[in-house]
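This report concerns only the one structure given below.
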Amino acid sequence: MNRFFGSSAPKNPKPSLQDAITSTDARIGTIEVKVRKLDAELARYKEQLSKLRNGPGKDAVQQRALRTLRQKKLYEGQIAQLAQQSFNMESAAMTTDNLRNTMATFDAMQTANKELRKQYGKIDIDKIENMQFEMEELLEQANEVQETLGRSYAVPDELDEADLEAELDALALEEEEEGSSYLADLNKVPDFVDEAPLEETPSRQEAVKTTA
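Each residue of the sequence shown is one higher than the one before, starting from -6 at the first, in my numbering.
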């Protein structure tokens, strides 16, 4: 059938915004190369004009320099226009990306909101409050059990402070008596010694010194 009626040519995909930006930047680069060439020509004409005297030759060089300068200004105007177009397209692309990111964020938040509603719908607040009350009662019962187990046996509820102070003084007296008896035992002569050692008199110490 295609041989009789022919077939439609495949449609080329439309260029994207990024493709248009790339193409515009390439055109700007091409024109900038031309501007640099014109700058080189203008420099050469300027050098020639500085060496030539007034006359037909100098006038001809000056006319060529003016045409080159006009062409340069034209290219510079095109560069400015293309640069503005590229900037506008980049701004549009940035706005499109931001909008796309915003929509993605909104979709994610909407999905999270649905999930939260689904999860919280399974929670019964009354059951949670009842559980809290039961936990409080259990903790109170546990504290009562601990207090009951912590009671002391065969210990009077109230003790007289005066009796306690008197008992403390008695303990202090016993410690003093034990200390004095210990010192007395140290000064006592051992049983295996027949006589106590004689203390040396001053006269005896002098006699020992003289003999020495």
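Backbone N, C-alpha and C define an ideal beta-carbon position, used for all residues, glycine too.
query: What's the C-alpha gap between D119 and T88?
result: 49 Å
- prompt: Can the beta-carbon of Q11 be found closer than 8 Å to that of A86?
  reply: Contact flag set, yes.
- request: Kindly list the residues whose CB is nearer than 8 Å to the CB of I72, restricted to its own chain and excluding five residues on each side of it in sequence; keep chain order.
  value: I21, I24, E25, V28
Top-ranked residue by Cα proximity to K66, from K51, T17, L31, I14: The residue among K51, T17, L31, I14 with its C-alpha nearest the C-alpha of K66 is L31.
query: Taking all protein chains shown into account, do 16 or more other C-beta atoms lie within 10 angstroms of the C-beta of Y113, making it buried, or fewer, making it exposed?
result: exposed
message: Given this structure, state the Cα-to-Cα distance separating A53 from E34, to the nearest angstrom.
response: 14 Å
query: How would you call L131, buried or exposed, if buried means at least 16 neighbouring beta carbons within 10 angstroms?
result: Exposed is the call here.
- prompt: Alpha carbon to alpha carbon, how far is A159 from R144?
  reply: 27 Å
message: Check this for me: beta carbons of K51 and L42, under 8 Å apart or not?
response: yes
message: Measuring only the C-alpha atoms, how far is P49 from Q74?
response: 38 Å
task: Return the chain-ordered ranges of every beta strand (DSSP E) run that is complete within the segment 82 to 146 and spans a minimum of 3 residues.
output: Segments of the beta strand (DSSP E) lying fully in the segment 82 to 146: there are none.
query: What is the rounded straight-line gap between the Cα of A135 and the Cα of I116?
result: 29 Å
message: Just to confirm my understanding: we take A13, look at its own chain, exclude 5 residues before and 5 after, and list those with CB closer than 8 Å. What are they?
response: Leaving aside the five residues that flank A13 on each side, the residues in its chain whose CB is nearer than 8 Å to its CB run, in chain order, M82.
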